[in-house]
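Some notes on the structure that comes next.
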C-alpha cells in the first residue's frame, strides 16, 4: 500500500466522520407550540434557549428539550431573557458552510490534481499539445544529394526543376512559372523515395520537414486536421522549405470508399491537407510538398489533380546499372578486393531494392571486418572479398523457402483457381541461373507457385517471386490441355450478362 | 434544514460509498491476481486507492447529486491468463464473487465498530457510530445488489460460472439486451413503490437496533 493510498483513506475517513459528527446533533426531535414555550418560561423550568435560524431550541431543567419552529422574532428572545433564561446563539450557518465547503473543495482539488497527473502519465497531453504537428525539422541543412540516390534518373531530372525553384522562388515566379505544389513519388518499398526527398532539400539548401502519414491519425476527430494546419504554419515560417509526407496513403486513401467504422477523422485530415495544398502559394509560402507511397492506386483523386500533387514520379525498381551505382554508393569508403566485380554483382541482384543492396553491402563488409578484426587486425586493413558477397547472396537464397510458409495461407485459397488435375509443366530459369522444372500451381501479380519435379519425384511446392524469374518455358501446355478441356478455370462458365 | 446540513449529508453519503467501492474493486483485482491474472495489476488497479477506481460520473457526480445509484470503473480481468489450475469459467466466478464478498466483510467490520461506539455519549462517538451504521447498510446493499443476476452486475458473472450449458442460449440472449434489464430492475421498484431491498433494509435496521440495545 503506498503513501498516496493511505493519505486518501485518512483524508476521506476524516471528512466522513466529520460529516456524520456534524449531522449528529440537530437539536431536539420534539416540536412544541409557542404557547407551551411561553407557559414553560412562566413556570421557570426553562434552562437554556438556543437561537437557530428557523426558530428556538428549548432545553428544560428536567432534561427534556424541544424546538419551537418559526420563533424568529427577537421579542421572544427578549421575553425569555427577561425571565432569567440563559440564551445562546446557535451555530452560524455560514460557519457550517465553511466546515463543509473546505473539505469538499479539498477533495475536488485532489481529484482534479491526481486525475491530471494520471492523464499526463499515460502520455496524453493536453488537447493543445495533441494538435501540434509531429513533423520534425531535420536540420536547417540537409546533406543528402542527388548523387546519393542510385537510379531514378528521370525523377531526378524532373526534381531538378523543383530544386532550382526552391533556390530562388522570386526569380522563377517573375517569369510566370507556377511550380508544382506537390510531388507524388510512387514506387516499390526501398527504392529510394525518402532519400530522394531529402536530396531535394539538400540540393536546394532549404529546411526539410519530415512527417509520416500515420502520424496524423488519432482517435480524436479533428486532431489530424489540426496537425496538418500546424505543420504548414511551421513550414511557412521557414519558407522556402520542403515538407515530406511519407506513406501518404495512410491519410490520402480514396474518400467514401471502404466499409467499416467511421472514416470521419481521416477524411477531415485529408480535406485539410487538400485545402492546405491549395493555399500554399496563395498565402505566400514557397513550400513544396513531397509525398511518397507505394499504393498510388488507392489515393483519393482529389489529391492527384493538378494544383495539388500535380507532378507524379514513378520511382522504378533499380535497373542493373542503377544497382551497380547503388552498390558503389553504399560501398563508398570501404576497401574492395580487386576481384570484386560490381557489375556482375549488380546482375546477380536483380529485384533487390536500394535498401536491400545497402543491407547486402553492409553484411558483406561485416563479414570482412569480422574476419580481420577477430584476428586482431587493424580496421584499415579490412578488405571486402568477392567471397563475402557470394556468401551473403547464398544466405539470402537460403532464406527463400520462407516465402512458402509466409504465403501458405494465401496460396491455399488461391491455388484452387488452377485445377490440380491439369498439370502445366513449366521450366523456370531463375535470376541466379538455377532452373526449376515442375508443375505450375498458381500465378498472381507477384508470385508463381511451382511444384518442382525431378526424375518423376515431386518436391515441396515453391513460391517464387516473379522478380527472380528470368524466363519461363511452358512447352507442355498444349499437350496437356486436350481440346476437350481447358486450363482456364472459368472457361466452362457461360458468361451471364444482364 | 439549512443548506450546510444538506451539503454535509451528501458528503456523509459520498465518503463511505467511495471507500466501499474502492474495496470492492480492489477485491476483484486481488482475486484475479491470486488466480494468476496480472492484467488489473498492470493497469494499476490492484490498489485500495480510491483515485484509481472512481469513475468521475458514476462515483462522484451522481452520488453528490443525491442519485441513489452509481458505479466505479470496472477492473479489467483476462481469464486467459488465469493459472491452469483453474478453469476460466470458475476463475471468473471467484473474481466476480470477491467484490460482493468484500462488501459483506466490510459490513461485518462496520457492524463491530457500530457496536463499540453506539453507546457513546460524545458527539464524535455518535458521529463514528452514525458513519459505521451507514457503512453496514451501504455495504449490505452493495453486496446484495451486485449479486443480482443481471448483466453487467457481478451476479451475472456468477451465473456465467454456474449455469448449465443447456440454459446458456436464453441467458446469452438476455445479455444481448445490454443494460436494459438492469434499468428495469432499478426503475420498476421505484415506480411500484416496492423494493426487493426493503426486506434487506428492514433486516439490517433490526440488526442495528438489536446491537444498539
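Protein chains in written order, with this note's numbering: chain A, 68 to 565; chain B, 274 to 486.
Positions of the beta carbon are idealized from the N, C-alpha and C atoms, including for glycine.
A quick note: this is a predicted structure, and the numbers were derived from the prediction, not measured.
Distance between beta carbons of residue j and residue i, contact taken as under 8 Å
i              : j              : result
residue 379(A) : residue 458(A) : Actually they do not touch by this definition, with Cβ atoms about 40 Å apart.
residue 409(A) : residue 395(A) : 6 Å
residue 308(B) : residue 359(B) : 6 Å
residue 136(A) : residue 98(A)  : 6 Å
residue 449(A) : residue 431(A) : Rounded, the Cβ-Cβ distance is 11 Å, inconsistent with contact.
residue 296(A) : residue 335(A) : 11 Å between Cβ atoms; not a contact.
residue 368(B) : residue 350(B) : 6 Å
residue 176(A) : residue 333(B) : Wrong, their Cβ atoms sit about 13 Å apart, outside the cutoff.
residue 216(A) : residue 259(A) : 5 Å
residue 325(B) : residue 317(B) : 6 Å
residue 343(A) : residue 299(A) : 5 Å
residue 319(A) : residue 367(A) : 6 Å
Contact set between residue i and chain B, taken where Cβ atoms lie within less than 7 Å
i             : result
residue 83(A) : 285, 288, 289 and 404
Short CB-CB distance (under 7 Å) between residue i and chain B
i              : result
residue 187(A) : Here the model assigns residue 187(A) a pLDDT of 48, short of 50, so the residue's position is not dependable, and the following value carries that caveat. With 7 Å as the cut-off, residue 187(A) does not count as an interface residue toward chain B.
residue 566(A) : Outside the displayed range of chain A (68 to 565) lies residue 566(A), so it cannot be described from this structure.
residue 79(A)  : yes
Separation of residue j from residue i, as counted between CA atoms
i              : j              : result
residue 444(B) : residue 341(A) : 51 Å
residue 189(A) : residue 247(A) : The predicted position of residue 189(A) is uncertain, since its pLDDT is 48 and thus under 50; a value taken from the coordinates is nonetheless stated next. In a straight line, the C-alpha of residue 189(A) is about 42 Å away from that of residue 247(A).
residue 276(A) : residue 309(A) : 6 Å
residue 123(A) : residue 388(B) : 33 Å
residue 295(B) : residue 319(B) : 10 Å
residue 475(B) : residue 485(B) : 15 Å
residue 402(B) : residue 172(A) : 25 Å
residue 81(A)  : residue 106(A) : 44 Å
residue 355(B) : residue 306(B) : 8 Å
residue 292(B) : residue 76(A)  : 8 Å
residue 383(A) : residue 220(A) : 10 Å
residue 451(B) : residue 372(B) : 21 Å
residue 548(A) : residue 278(A) : Model confidence at residue 548(A) stands at a pLDDT of 33, short of 50, so the residue's coordinates are unreliable and nothing is read from them.
residue 281(B) : residue 352(B) : 42 Å
residue 121(A) : residue 139(A) : 6 Å
residue 223(A) : residue 232(A) : 14 Å
residue 420(B) : residue 430(B) : 9 Å
residue 434(A) : residue 261(A) : 28 Å
residue 469(B) : residue 462(B) : 7 Å
residue 337(A) : residue 271(A) : 28 Å
residue 237(A) : residue 374(A) : 19 Å
residue 133(A) : residue 454(B) : 48 Å
Closer than 8 Å at the beta carbon, the chain B residues around residue i
i              : result
residue 71(A)  : 322 and 324
residue 91(A)  : 396, 399, 400 and 403
residue 171(A) : 280 and 284
Contact under 7 Å by Cβ, residue i with residue j
i              : j              : result
residue 229(A) : residue 267(A) : yes
residue 301(B) : residue 376(B) : no
residue 514(A) : residue 493(A) : no
residue 344(B) : residue 322(B) : no
residue 448(B) : residue 424(B) : yes
residue 289(B) : residue 411(B) : yes
residue 354(A) : residue 306(A) : yes
residue 461(A) : residue 421(A) : no
residue 211(A) : residue 280(A) : no
residue 150(A) : residue 117(A) : no
residue 363(A) : residue 315(A) : no
residue 379(B) : residue 434(B) : no
residue 249(A) : residue 389(A) : no
residue 403(A) : residue 428(A) : no
residue 413(B) : residue 477(B) : yes
residue 413(A) : residue 391(A) : yes
residue 404(B) : residue 89(A)  : no
residue 113(A) : residue 152(A) : yes
residue 392(B) : residue 481(B) : no
residue 146(A) : residue 125(A) : no
residue 294(A) : residue 311(A) : no
residue 503(A) : residue 527(A) : no
Contacts of residue i in chain A (Cβ-Cβ under 8 Å)
i              : result
residue 298(B) : Per Cβ cutoff of 8 Å: no residues; residue 298(B) is ~13 Å from chain A at best.
residue 333(B) : 178
residue 292(B) : 76, 79, 80 and 83
Residue i at chain A interface by Cβ criterion, 7 Å
i              : result
residue 481(B) : no
residue 365(B) : no
residue 487(B) : Only positions 274 to 486 of chain B appear in this structure, which leaves residue 487(B) out of reach.
Within chain B, the residues that residue i reaches when beta carbons sit closer than 9 Å
i              : result
residue 239(A) : Within chain B, no residue comes near residue 239(A); the closest Cβ sits about 57 Å away, beyond 9 Å.
residue 117(A) : Per Cβ cutoff of 9 Å: no residues; residue 117(A) is ~14 Å from chain B at best.
Residue i beta carbon near the ligand HEM (any heavy atom closer than 6 Å)
i              : result
residue 516(A) : Among the components of this structure there are no ligands whatsoever, and the ligand HEM is therefore not found.
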